[in-house]
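Enquirer:
In the numbering used here, the protein residues as written are 100 to 251.
(1) With residue 157 as the anchor, note down where its alpha helix (DSSP H) starts and where it stops.
(2) Does the Cβ-Cβ distance between residue 213 and residue 196 come in under 8 Å?
(3) Excluding five sequence neighbours on each side, which residues of the same chain lie with their C-beta closer than 6 Å to the C-beta of residue 159?
(4) Can you find the residues in the same chain that come closer than 8 Å, C-beta to C-beta, to residue 130, ignoring five residues on each side of it along the sequence?
(5) From residue 174 to residue 203, what distance separates their C-alpha atoms?
(6) Taking C-alpha atoms, which residue in 157, 217, 230 lies nearest to residue 201?
(7) Return helix, strand or coil for residue 172, following the three-state DSSP convention.
(8) How many Å lie between residue 243 and residue 193 at the Cα?
(9) Can you tell me the Cα-Cα spacing of residue 209 and residue 237, whole angstroms?
(10) Expressed to the nearest angstrom, what Euclidean distance is found between the alpha-carbon atoms of residue 221 and residue 206?
(11) Can you tell me whether residue 179 is buried or exposed, with buried defined as 16 or more other CB within 10 angstroms of its CB?
(12) State yes or no: is the C-beta of residue 228 within less than 8 Å of the C-beta of residue 182?
(13) Since residue 176 and residue 164 should fall inside the 8 Å C-beta cutoff, what is the C-beta to C-beta distance between them, to a whole number of angstroms?
(14) Can you give me the start and stop residues for the alpha helix (DSSP H) that residue 144 sits inside?
(15) Comparing alpha-carbon positions, which option in 168, 169, 148 lies nearest residue 188?
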């Protein structure tokens, strides 16, 4: 008995073919200039991530879980993990601007200064952790209201 392959709708197939064509075009354009430099950057980024950043993520998460577990607050782990992950992702993507590692070409090309990015990243990080703390406080308050009987 022949089974039908789960290929999806014609629209999905067209969308998939278009995205492969776009990725192929971008790859050809990317590697056309300095293919060795681009390949070196990709390999270096993968090695940096796997050999340096992943052990740092794991160690920080282990310290967090152990600390909250010792305090009896293991359920609070996600309220620290989510803003930390989002802040770390922003730092990873925008690190040249946040750390002011851009040259004068950035200022000439954009007309903007990179001096404001550190302050903005710190503000966004504070807002992420503050929002997470607010959500946690609301959850804790709701949980304590449910457990305690109403006194009149």
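Quick reminder that beta carbons are idealized off the backbone N, C-alpha and C, glycines included.
Expert: Based on what the coordinates show:
(1) DSSP places residue 157 in the uninterrupted alpha helix (DSSP H) bounded by 153-169.
(2) Closer than 8 Å, so yes.
(3) Cβ within range, chain order: n/a, list empty.
(4) Contacts found: 137, 138.
(5) Whole-angstrom Cα-Cα distance: 47 Å.
(6) When only C-alpha atoms are compared, the closest one is 217.
(7) Per DSSP, reduced to three states, the secondary structure at residue 172 is coil, with no helix or strand assignment.
(8) Taking the straight line from one Cα to the other gives about 40 Å.
(9) Roughly 43 Å separates the two Cα atoms.
(10) Roughly 22 Å separates the two Cα atoms.
(11) Counting every other CB atom within 10 Å of its CB across the protein chains shown gives residue 179 a total of 16 or more, marking it as buried.
(12) Closer than 8 Å, so yes.
(13) Between residue 164 and residue 176 the Cβ distance is about 6 Å, and since that is below 8 Å, they are a contact.
(14) Residue 144: member of the alpha helix (DSSP H) spanning 109-147, first to last residue.
(15) Measuring from the Cα of residue 188, the nearest candidate turns out to be 148.
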